[in-house]
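Peer 1:
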Ligand code: C2O
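In mature numbering (1 follows the signal peptide of the UniProt record, and there is no 0), the protein residues as written are -24 to -1, 1 to 550.
(1) If we call anything under 7 Å between Cβ atoms a contact, is residue 197 one with residue 290?
(2) Under 8 Å: do the stretch 522 to 532 and the stretch 349 to 358 share three or more Cβ pairs, one atom per stretch?
(3) Can you look up residue 336 in the DSSP assignment and give me helix, strand or coil?
(4) Identify, in the order they occur along the chain, each residue of the same chain with its Cβ nearer than 8 Å to the Cβ of residue 397, setting aside the five sequence neighbours on each side.
(5) Pick out whichever of 126, 39, 550, 468 has its Cα sitting closest to the Cα of residue 107.
(6) Does the Cβ of residue 454 lie closer than 6 Å to at least one heavy atom of ligand 1?
(7) In this structure, does DSSP put residue 287 in helix, strand or coil?
(8) Let me have the residue list for ligand 1: C-beta closer than 7 Å to any non-hydrogen atom, ordered along the chain.
(9) Can you tell me where the alpha helix (DSSP H) with residue 517 in it begins and where it stops?
(10) Classify residue 514 as buried or exposed, calling it buried when 16 or more other Cβ atoms lie within 10 Å of its own Cβ.
(11) Quick check for students: name the residue ranges of the beta strand (DSSP E) that lie wholly in the stretch 329 to 393, counting only runs of 3 or more.
(12) In this structure, what does DSSP give as the bridge partners for residue 222?
(13) Roughly how many whole angstroms lie between the Cα atoms of residue 531 and residue 79?
(14) Pick out whichever of 103, 373, 388, 518 has its Cα sitting closest to the Cα of residue 406.
(15) Near residue -10, which residues of its chain fall below 8 Å by C-beta distance, leaving aside the five closest residues on each side in sequence?
(16) Where does residue 391 land, buried or exposed, given buried means 16+ other C-beta within 10 angstroms?
(17) Quick check on residue 16: does DSSP put it in helix, strand or coil?
(18) What is the rounded straight-line gap between the Cα of residue 503 and the Cα of residue 460?
(19) Starting from residue 296, follow its DSSP beta bridges and name the residues at the other end.
(20) Quick one: what's residue 439 bridged to in DSSP?
(21) Rounded to a whole number of angstroms, what is the C-alpha to C-alpha distance between residue 174 and residue 454?
(22) Where residue 402 and residue 302 are concerned, what is the direct C-alpha to C-alpha distance, given to the nearest angstrom?
(23) Based on Cα-Cα distance, which residue from 508, 187, 96 lies nearest to residue 59?
(24) Closest to residue 283 by CA distance: which of 154, 83, 206 is it?
(25) Using the C-alpha atoms, what's the distance from residue 233 back to residue 483?
(26) Do the CB positions of residue 158 and residue 112 come within less than 7 Å of each other?
(27) Closer than 6 Å by C-beta to residue 142: which residues in its own chain qualify, once you throw out the five before and the five after it? Chain order, please.
(28) Under three-state DSSP, which class holds residue 104?
(29) Between which two residues does the alpha helix (DSSP H) carrying residue 161 extend?
(30) Could you give the first and the last residue of the continuous beta strand (DSSP E) run that contains residue 277?
(31) Are the CB atoms of residue 464 and residue 441 nearer to each other than 7 Å?
(32) Just list the beta strand (DSSP E) runs in the stretch 100 to 157, keeping only unbroken ones of 3 residues or longer that don't cross its boundaries, in chain order.
(33) From the DSSP output, in three-state form, read off residue 514 for me.
(34) Assign residue -11 to one of three DSSP states: helix, strand, or coil.
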């Protein structure tokens, strides 16, 4: 009897472990999380006086920047959103890979329709194998300008950082502040056909600092103890500009980029495009004093206007004279491409990584601006772009038009007519991308319009070459992919040439947003093993408004752990 029971138990255990092993190669279980954290987000307008200007901005729970979400690796996150503003909105959890939870990713008209005034929607997802510095932001129009906050995920209990434990840590959200209503601003800019106005101020944790009008007391400050080491979580939540960051007389040691550890790399400054996060260690090893932390522009587009006043925060030693002037930080010049390259060259994954070596889908996508012919009867109002045209932007010379209902719903429910599956894997025409014009006719800068997506089978090993074009001007574009991190295996200047390109397949950084060099290219690789519809776009919002994006549909694989579940019952309707 005892023997029979034992052998039944053994049989039972081996059956269980057989079932377990079937899917154990990729993910052993449904991503349910260790603990669950619940957040209640009320999206509200908040009256604020900044730069001597009063306005109502959109934020969460009456604080600006919005509340920080804290969690641990593998936690389940539930955020109930109640929209108490008149604006349509959604929230995106930038950098979270949304394993089997594409419905909760947040980009408007890609994975969901916006949450309308007075409505609620609850986001639910698990931070599968993810830790580090993330952020959340609105993904509708330009609401992200004020509707953003940090999202910090700690390692599991008992798991140390791969560097000496810092004395303290601080979040530094870099932003751009606009005196005008940003939703109207986007509408007016797109309607004008021309370039957007520059931001009224750069901000650090919402504060412009003393270089700006009326902002002597609107300064963020970190008090530091001499000799101690601090972890700074830098997040670029800005809208339309890329930025340098530096601290006067202090070195920054990069230890994490886009929420993945890197080999420690020490530098005088970093550059972050919107959508990028970098963790740095800073040791307070200088004479007691007050030091500037500065955020200034990196503007690589030729002839583009930009805000040239730096935002300043203070890195202030305990014991420093409080009202002394702070020591100025040295920022590179706004056009210093080499400073950007130097930081990029220093980014390597902490450990050797598992980069796809064989490739199933070799894609080549150009990214850049266009000027469309003026079609308006009131060109003075609507065609203020270059050569009296309308500014646009594109991938593979197709300018992305957002659909009326979300792509994910249309795809899931097999509704016809809102998108086509013919986004080309290579440009429609090959030409000198950096120096030429897309239609082989000099000065023909026209792009096609469309909602074209690229379909990938589950498990496709993708290589993607992103190639900047000089159609209007070459420019560094921060290209962000939803639903995945990717290995940045190579990058360079000029047109991509497979014969001469140098790839790092050993320890490339694992990122979610890559600043493609101005007039250059970047090569990324990822395994398409997360089913859903995933937006890929330039994280400069004006470029997104102009159509610099496309989407990938990653099909379901076999079995429940490779299949996107059905939509949540409260998914907003359009
Ligand atoms: Cu940070 Cu599509 O977004």
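Beta carbons: idealized from backbone N, C-alpha and C, even for Gly.
Quantities reported herein were computed from a predicted structural model and do not represent experimental measurements.
Peer 2: Taking the geometry as given:
(1) Residue 197 sits at position 221 when you count from the first residue of the chain shown. Residue 290 sits at position 314 when you count from the first residue of the chain shown. The answer is yes: Cβ separation under 7 Å.
(2) no
(3) Along the chain shown, read from residue 1 onward, the residue named residue 336 stands at position 360. Three-state result, residue 336: coil.
(4) Here the question's residue 397 lines up with position 421 in the chain shown. Correct list, in chain order: 428, 429, 430, 431, 529.
(5) Here residue 107 is taken as the residue at index 131 of the chain shown, counted from 1. Minimum Cα distance to residue 107 is reached at 126.
(6) The residue labelled residue 454 in the question sits at position 478 within the chain shown. Checking the Cβ of residue 454 against ligand 1 gives no.
(7) As a working mapping, residue 287 is identified with position 311 in the chain shown. Strand.
(8) 68, 70, 83, 113, 115, 251, 456, 458, 511, 513, 515
(9) Residue mapping note: residue 517 aligns to position 541 of the chain shown, counting from 1. Per DSSP, residue 517 belongs to the alpha helix (DSSP H) from 517 to 521.
(10) Numbered from its first residue, the chain shown carries residue 514 at position 538. Buried is the call here.
(11) 337 to 348, 366 to 371, 374 to 376
(12) Taking the chain shown and counting its residues from 1, the one referred to as residue 222 is at position 246. Per DSSP, 245, 270.
(13) Counting from one through the chain shown, the residue named residue 531 turns up at place 555. Counting from one through the chain shown, the residue named residue 79 turns up at place 103. If you take the alpha carbons of residue 531 and residue 79, they lie about 14 Å apart.
(14) On the chain shown, residue 406 is found 430 positions in, with the first residue counted as 1. Considering only alpha carbons, the answer is 373.
(15) Here residue -10 refers to the residue found at position 15 of the chain shown. Residue placement at residue -10 is flagged as unreliable, the pLDDT there being 38, under the threshold of 50; a coordinate-derived value is accordingly withheld.
(16) As a working mapping, residue 391 is identified with position 415 in the chain shown. By the neighbour-count rule (16 or more Cβ atoms within 10 Å), residue 391 is not buried but exposed.
(17) On the chain shown, residue 16 is found 40 positions in, with the first residue counted as 1. The answer is strand: DSSP assigns residue 16 an E or B state.
(18) What you label residue 503 is simply residue 527 of the chain shown in a count that begins at 1. What you label residue 460 is simply residue 484 of the chain shown in a count that begins at 1. The alpha-carbon atoms of residue 503 and residue 460 are separated by roughly 9 Å.
(19) For the purposes of this step, residue 296 is identified with residue 320 of the chain shown, where counting begins at 1. DSSP lists no partner for residue 296.
(20) Looking up residue 439 in the chain shown gives position 463. 338, 501, per the DSSP bridge assignment.
(21) The residue you call residue 174 lines up with position 198 of the chain shown. The residue you call residue 454 lines up with position 478 of the chain shown. Residue 174 and residue 454: Cα-Cα distance of roughly 18 Å.
(22) The residue given as residue 402 occupies position 426 in the chain shown. The residue given as residue 302 occupies position 326 in the chain shown. Each residue's Cα considered, the two are about 51 Å apart.
(23) On the chain shown, residue 59 is found 83 positions in, with the first residue counted as 1. Ranking 508, 187, 96 by Cα distance to residue 59 puts 96 first.
(24) Within the chain shown, residue 283 is the residue found at index 307, counting from 1. With distances taken between Cα atoms, residue 283 lies closest to 154.
(25) Walking along the chain shown from the start, residue 483 turns up at place 507. Walking along the chain shown from the start, residue 233 turns up at place 257. About 13 Å.
(26) Your numbering for residue 158 matches position 182 in the chain shown. Your numbering for residue 112 matches position 136 in the chain shown. Taking 7 Å as the Cβ cut-off, residue 158 and residue 112 do not qualify as a contacting pair.
(27) Along the chain shown, read from residue 1 onward, the residue named residue 142 stands at position 166. Excluding residues within five positions, the ones whose Cβ falls inside 6 Å are 205, 206, 207.
(28) The count along the chain shown starts at 1 and reaches residue 104 at position 128. DSSP places residue 104 in coil when its eight states are reduced to three.
(29) Counting from one through the chain shown, the residue named residue 161 turns up at place 185. Taken as a continuous stretch (DSSP letters only), the alpha helix (DSSP H) holding residue 161 covers 158 to 168.
(30) Start at 1 with the first residue of the chain shown, and residue 277 comes out as number 301. That residue, residue 277, is in no beta strand (DSSP E); it is neither H nor E in DSSP.
(31) Locating residue 464 in the chain shown gives position 488, where the first residue counts as 1. Locating residue 441 in the chain shown gives position 465, where the first residue counts as 1. The answer is no: Cβ separation not under 7 Å.
(32) 108 to 114, 124 to 130, 144 to 153
(33) Against the chain shown, residue 514 aligns to sequence position 538. It is a strand residue.
(34) The residue labelled residue -11 in the question sits at position 14 within the chain shown. At residue -11, the pLDDT of 38 sits below 50, so the modelled position is not reliable; the number obtained from the coordinates is stated separately. Correct three-state label for residue -11: helix.
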